[in-house]
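This report refers to the structure that appears directly beneath it.
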Amino acid sequence: MSWIFLLLGVMAEALSHVALKATDGFSRPLPAALVILGHLTAFMFLGQAMKGMPVGVVHALWAGLAIVTVTLLSALFYRQHLDLTAWIGMGLVAAGVMMINFSQGHSH
Numbered sequence: 001m002s003w004i005f006l007l008l009g010v011m012a013e014a015l016s017h018v019a020l021k022a023t024d025g026f027s028r029p030l031p032a033a034l035v036i037l038g039h040l041t042a043f044m045f046l047g048q049a050m051k052g053m054p055v056g057v058v059h060a061l062w063a064g065l066a067i068v069t070v071t072l073l074s075a076l077f078y079r080q081h082l083d084l085t086a087w088i089g090m091g092l093v094a095a096g097v098m099m100i101n102f103s104q105g106h107s108h
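Under this note's numbering, think of the first position of the sequence shown as 1, with each following residue one higher.
Below is the structure:
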C-alpha cells in the first residue's frame, strides 16, 4: 500500500505544481485553490506512505518522480519542451529512482 500512497502523493504534487503556473501569482482563485488542495493531498498521501517505508526513501522517490512527472505534464499542458541535455538528466533521475527501489535498504 505504501507504493500506492507514494504514487498518489506524487500525482497530487505534480498536478499542484502544474496548476501553480495558472494562478498568475496567486491572483486567480480557482487555480490557487487547486494548488493548496493538491499540496495538502500530497502530504496526506506521503504521510501514509511513510508508515511502511523509510522517510528518506519516500522523500527521494517523491522528489525524483515529481520532477519527471511535472516535466511531462508541463510539456503536455503548456507545450514547454526541454533540450536533449535536460532529457538525459530526467533519465538519470528515473535511473536513480529505480536504483532506490531495487536497493536492499527498504521494504515494500
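We put the CB at the ideal spot given by N, CA and C, even for glycine.
F43 classed as buried or exposed, judged by whether at least 16 other C-beta atoms fall within 10 angstroms: exposed
7 angstroms CB neighbourhood of G64 in its chain, flanking five on each side removed: V93, G96, V97
Same chain only: Cβ atoms within 7 angstroms of A22, ignoring 5 sequence neighbours per side: R28, P31
Inter-stretch contact at 8 angstroms, needing at least 3 Cβ pairs: the segment 2-21 / the segment 55-70: yes
Spatial neighbours of V10 in its chain, beta-carbon cut-off 7 angstroms, leaving aside the 5 residues before and after: W62, L65, A66, T69
Contact check, L15 vs L73, beta carbons under 9 angstroms: yes
Cβ shell of I88 (< 8 angstroms), same chain only, five flanking positions each side left out: none
Same chain, Cβ closer than 7 angstroms to I100, neighbours up to 5 away in sequence not counted: V57, A60, L61
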